C-alpha cells in the first residue's frame, strides 16, 4: 500500500517508473512474492486530502508493506507546520493499522526538495526559503516516525543533487525522473526486511 501525493504516483513518468512500481520490481528480484501496489495518492494532495481519500476508500484489508510520503503540498500552499504535525501523526497511525498494527512493516519517505527544480526557479519563490521550509516539515515527520519506531528513509539530500544533475528531474521540470525514483526504490528495497 503506497500512500502519498505526486511523488508516490510518479507524476510525469510512466507508471512502471514510479516509486511503488520500481520498489515492487526490486522486491521481486530479491525473490519476494509481491503483488502490484495499491496506490492512494494524487498530485497536489496535502495531508488532509490524503486522509479524506483513505477514509473514502474504506479499506478493509491489511498489507505486508505500507509506504507514506506526504507533505510537500502542505509546504507549497503555506500550511501550518503545527497542522501538519497533527495530520501526519494521524496518517502514520492509519498506515500502521493497514500494516496489521506492525510498525516494522511501515516505511516513511522524507519530502524531496522541489526548490532545486526549474519549476521553482520560474515560480519566483526563494529557493533557500523553500529548502528551509521543507527541512522544517521533514524534521516534524522524522520525529513522529522515529517516536513510533517506524523506518525513515531520508531522500531529501539526494533530491537536492538535481541542482547539478538534470537527469534526476522529469521533463515537466518539477517532478523526479525515473532515475531518481530508482535511487529511492533501491534504498527502500535494501532497507526492507519483511517478517
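Residue numbers (this note's numbering): 8 to 202.
Where is the CB? At the ideal position from N, CA and C, for every residue including glycine.
Note that the coordinates shown come from a computational prediction; the quantities given were computed from them, not determined experimentally.
When DSSP states are grouped into helix, strand and coil, residue 158 belongs to the strand group. C-alpha of residue 30 to C-alpha of residue 107: approximately 20 Å in a straight line.
Contact between residue 102 and residue 123 does not hold, since their C-beta atoms are separated by about 28 Å, which reaches or exceeds 8 Å. Residue 182 holds the alpha-carbon nearest to the alpha-carbon of residue 80 among 196, 182, 198. If you compare the alpha carbons of 137, 197, 161, 27 with that of residue 9, the shortest gap goes to 27. Going by DSSP, residue 8 is part of no alpha helix (DSSP H) at all; its letter is neither H nor E.
Following the DSSP letters along the chain, one finds residue 197 in no beta strand (DSSP E) but inside the alpha helix (DSSP H) bounded by residues 185-198. Here residue 144 is actually not in contact with residue 180; their C-beta atoms are around 22 Å apart, not less than 8 Å.
DSSP places residue 103 inside the alpha helix (DSSP H), whose first and last residues are 88-105.
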